[in-house]
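Chemist:
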Amino acid sequence: MRRADRLFLLIHALRGRRHAITAQQLAQTLEVSLRTVYRDVADLQRSGVPIEGEAGVGYLLRKGADIPPLMFNPDELEALVVGTRFVRAFGGERLGRAATAALLKIEAVLPPELRARSARTRIFAPQLDNRIEASGLIDALHVAVSEQRVLRLRYRDGEARASEREIEPLCLTFWGGSWTLGAWCRLRADFRSFRPDRIDDYAATGERFAESRERGLDAYLRSVGGQGLEPA
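Going by my numbering, the sequence shown opens with residue 7, and the numbers climb by one from there.
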């Protein structure tokens with residue numbers, strides 16, 4: 007279980023209780039060790055979650071406390087809602103589903119006034135039809151970046167000239183209207199930024215690459231920030 011999910015469930019187990027619950031009971035509920043419960047409770051207390059009690063006695067949320075898992079204030083919650091909408095609209099199907107699921111988990115434990123605030127935000131990111139995000143390409147490129155998979159592309163430059171490229175994909179960047187794929191291009195022996203909407207075809211070669219100081223993400227970002235990149 008991911009730590010974030012475990013903390014969410016720990017707080018959920020404490021909410022609404024009139025009597026303290028022991029660390030042993032929490033450990034059994036979460037299927038973790040007592041040591042993990044003690045560490046998680048201490049971390050939550052340090053972050054401001056009003057958990058009262060101690061090891062050997064039990065734990066209880068302070069009377070009157072009805073809080074979301076990470077102590078979101080209204081502005082933070084609205085930022086999450088807006089961010090979720092943008093991820094759903096532009097982040098590809100996989101991240102869009104994950105963002106929606108994450109927000110549902112948060113809203114499930116919100117007090118009514120914060121839940122109402124999240125529903126009232128008026129910043130939208132409409133999901134338009136026939137865009138590259140709906141094609142599955144962004145998801146595929148995201149996987150290649152995450153798993154460091156070498157890709158072979160058939161690519162058109164800004165003047166519609168076609169070329170075959172073999173690249174080491176390093177990151178995806180969204181510019182508010184279009185995506186770019188930052189990569190090391192083996193043909194050019196240099197960093198290049200590729201526009202996904204100019205990729206005519208792509209395939210994984212079956213090879214995985216290892217980032218190096220000269221050809222990794224940090225070096226790519228230095229190139230972008232320092233002098234820009236040559237056209238792909």
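The C-beta atom is built at its ideal place from N, Cα and C for all residues, glycine as well.
This one's a predicted model, so the numbers in the text were calculated from it and none came from an experiment.
Start and end of the alpha helix (DSSP H) containing G89?
Modeler: Run containing G89: P80 to F96, per the alpha helix (DSSP H) assignment.
Chemist: Scan the region 111-191 and note each continuous alpha helix (DSSP H) run of 4 residues or more that stays entirely inside, going in chain order.
Modeler: With a minimum length of 4 residues, the continuous alpha helix (DSSP H) runs that stay inside the region 111-191 are 118-126 and 143-153.
Chemist: Would you call the region 163-178 in contact with the region 112-131, where contact means no fewer than 3 C-beta pairs closer than 8 Å?
Modeler: Cβ pair count under 8 Å is below three, so no.
Chemist: Tell me, to the nearest whole angstrom, how far the beta carbon of Y208 is from that of R158; I am working on the premise that it is less than 8 Å.
Modeler: Sure, about 7 Å apart at Cβ, within 8 Å.
Chemist: Report the residue from A195, G89, G188 and R41 whose alpha carbon sits nearest the alpha carbon of S152.
Modeler: For the residues A195, G89, G188 and R41, the minimum Cα distance to S152 belongs to G188.
Chemist: Suppose you measure from the CA of V88 to the CA of K111; what does that come to, to the nearest Å?
Modeler: Approximately 16 Å between the Cα atoms of the pair.
Chemist: Quick check: the region 54-66 against the region 99-113, are there 3 or more CB pairs under 8 Å?
Modeler: Too few Cβ pairs lie closer than 8 Å, so no.
Chemist: Report buried or exposed for T211, applying the criterion of at least 16 other Cβ atoms within 10 angstroms of its Cβ.
Modeler: Its Cβ having fewer than 16 others within 10 Å, T211 is exposed.
Chemist: For V160 and W190, which I take to be in contact (beta-carbon distance under 8 Å), what is that distance rounded to the nearest angstrom?
Modeler: With the sequence shown as reference, residue 160 is identified as Arg, and Val is not the correct amino acid for it. About 18 Å separates the two Cβ atoms, so there is no contact after all.
Chemist: Rounded C-beta distance between R214 and Q154? I'm assuming under 8 Å.
Modeler: Between Q154 and R214 the Cβ distance is about 5 Å, and since that is below 8 Å, they are a contact.
Chemist: Could you tell me the boundaries of the beta strand (DSSP E) in which L205 lies?
Modeler: One point to set straight first is that residue 205 is Ile, not Leu, in the sequence displayed. Taken as a continuous stretch (DSSP letters only), the beta strand (DSSP E) holding I205 covers I205 to R214.
Chemist: Rounded to the nearest angstrom, what separates G182 and V55 at their Cα positions?
Modeler: Distance between the alpha carbons of G182 and V55: 36 Å.
Chemist: Just tell me which of D49, T186, A216 and D196 has its CA closest to the CA of D203.
Modeler: Out of D49, T186, A216 and D196, T186 has the C-alpha closest to the C-alpha of D203.
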